[in-house]
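So the structure is just underneath, and the comments pick up after that.
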Amino acid sequence: DTEVTQTPKHLVMGMTNKKSLKCEQHMGHRAMYWYKQKAKKPPELMFVYSYEKLSINESVPSRFSPECPNSSLLNLHLHALQPEDSALYLCASSQDRAGHEQFFGPGTRLTVL
Amino acid sequence: AQRVTQPEKLLSVFKGAPVELKCNYSYSGSPELFWYVQYSRQRLQLLLRHISRESIKGFTADLNKGETSFHLKKPFAQEEDSAMYYCALRGPGGNTGKLIFGQGTTLQVKP
Chain A
11 DTEVTQTPKH LVMGMTNKKS LKCEQHMGHR AMYWYKQKAK KPPELMFVYS
61 YEKLSINESV PSRFSPECPN SSLLNLHLHA LQPEDSALYL CASSQDRAGH
111 EQFFGPGTRL TVL
Chain Y
897 AQRVTQPEKL LSVFKGAPVE LKCNYSYSGS PELFWYVQYS RQRLQLLLRH
947 ISRESIKGFT ADLNKGETSF HLKKPFAQEE DSAMYYCALR GPGGNTGKLI
997 FGQGTTLQVK P
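Protein chains in written order, with my numbering: chain A, 11 to 123; chain Y, 897 to 1007.
So this is what it looks like as structure tokens:
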């Protein structure tokens, strides 16, 4: 399996809901990433996990809570989001952090009402 | 500050014409640069990285440290090259994994 998968493809949630985005890879990669991409804009890094430990948090609001339960899975827990958080959320993975290609998933299209 | 600039939002050419997508960067240190491509309804994928110095799908890119540029070139554009192209810089420290993307250039190849 040489792909990064993300579920769900689309998610609509209210501002009081709690939901989670899931990302999975079976390439043996030890670095995983969450990016946020607004329409017609480049991806912006949110979090980096390296060997299941959070290594970078780009000053993301606490209403976004990442979790890496094992080397193949990465979750993004969402709570009390705002409409401006509506975006495409991309997951990526790489062999490790240093100098390796990042493989991107197809993304989850999130709409916050 | 580390920054990537892609001056053109849209580049429109006819099939068979040469293509050059511009990318300039600012970085204090030895940069590591990439071109990523996103075809319609497909995921973002790596096209080129400067350290590999290879040609992919007829595209090449040369790092010019004097001009702080990493322009993407193809001598003869094909319709299937139509996509969004992002230039990206690996962030400070090199081994953080952080990619800094430019704003992207949409390449439109007309028949």
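Backbone N, C-alpha and C fix where the C-beta goes; we use that ideal spot for every residue, glycine too.
Judged by DSSP in its simplified three-state form, residue 971 of chain Y adopts coil rather than helix or strand. Ranking Y:897, Y:931, Y:994, Y:975 by CA distance to the CA of residue 55 of chain A puts Y:994 first. Only residues of its own chain outside the window of five on either side were considered, and among them 900, 982, 984 have a CB closer than 7 Å to the CB of residue 997 of chain Y, listed in chain order. Around residue 12 of chain A, the same chain offers 37 as residues with beta carbons nearer than 7 Å, after the five sequence neighbours per side are excluded. For residue 112 of chain A, at least one C-beta of chain Y is nearer than 8 Å to its own C-beta. In summary, the residues of the stretch 62–90 of chain A whose CB is separated from some CB of chain Y by less than 9 Å are 65, 66, 68, in the order they occur in the chain. Here residue 118 of chain A really is in contact with residue 16 of chain A; their C-beta atoms are around 5 Å apart, less than 8 Å.
Ranked by Cα distance from residue 962 of chain Y, the first of Y:910, Y:924, Y:913 is Y:924.
Three or more Cβ pairs closer than 8 Å define a contact, and the stretch 65–85 of chain A falls short of that threshold against the stretch 903–916 of chain Y. Residues of the same chain with a CB within less than 6 Å of the CB of residue 922 of chain Y, apart from the 5 flanking positions on each side, are 899 in chain order. In the structure shown, the three-state DSSP call for residue 914 of chain Y is coil. For the stretch 40–55 of chain A, residues whose beta-carbon sits nearer than 9 Å to a beta-carbon of chain Y comprise 41, 43, 45, 47, 50, 51, 52, 53, 54, 55. Taking 8 Å as the CB threshold, residue 906 of chain Y stays off the interface with chain A.
At a Cβ-Cβ threshold of 8 Å, residue 919 of chain Y and residue 941 of chain Y do not count as neighbours. At a cut-off of 8 Å between C-beta atoms, residue 18 of chain A does not count as an interface residue with respect to chain Y. Scanning A:92, A:101, A:49, A:91 for the CA closest to the CA of residue 77 of chain A turns up A:101.
By the Cβ neighbour-count rule, residue 1000 of chain Y is buried, with 16 or more other Cβ atoms within 10 Å of its own. Here residue 54 of chain A carries a strand assignment [DSSP, helix/strand/coil].
A Cβ-Cβ separation of about 7 Å places residue 1006 of chain Y in contact with residue 908 of chain Y under the 8 Å criterion. Nearest CB-CB separation between residue 31 of chain A and chain Y: not below the 8 Å threshold. Using beta-carbon distances, residue 955 of chain Y does not count as an interface residue toward chain A, since no partner is under 8 Å. Using a CB distance cut-off of 8 Å, residue 103 of chain A does not count as an interface residue toward chain Y. Among the residues facing chain A, residue 939 of chain Y is included, as its CB has a counterpart in that chain under 8 Å away.
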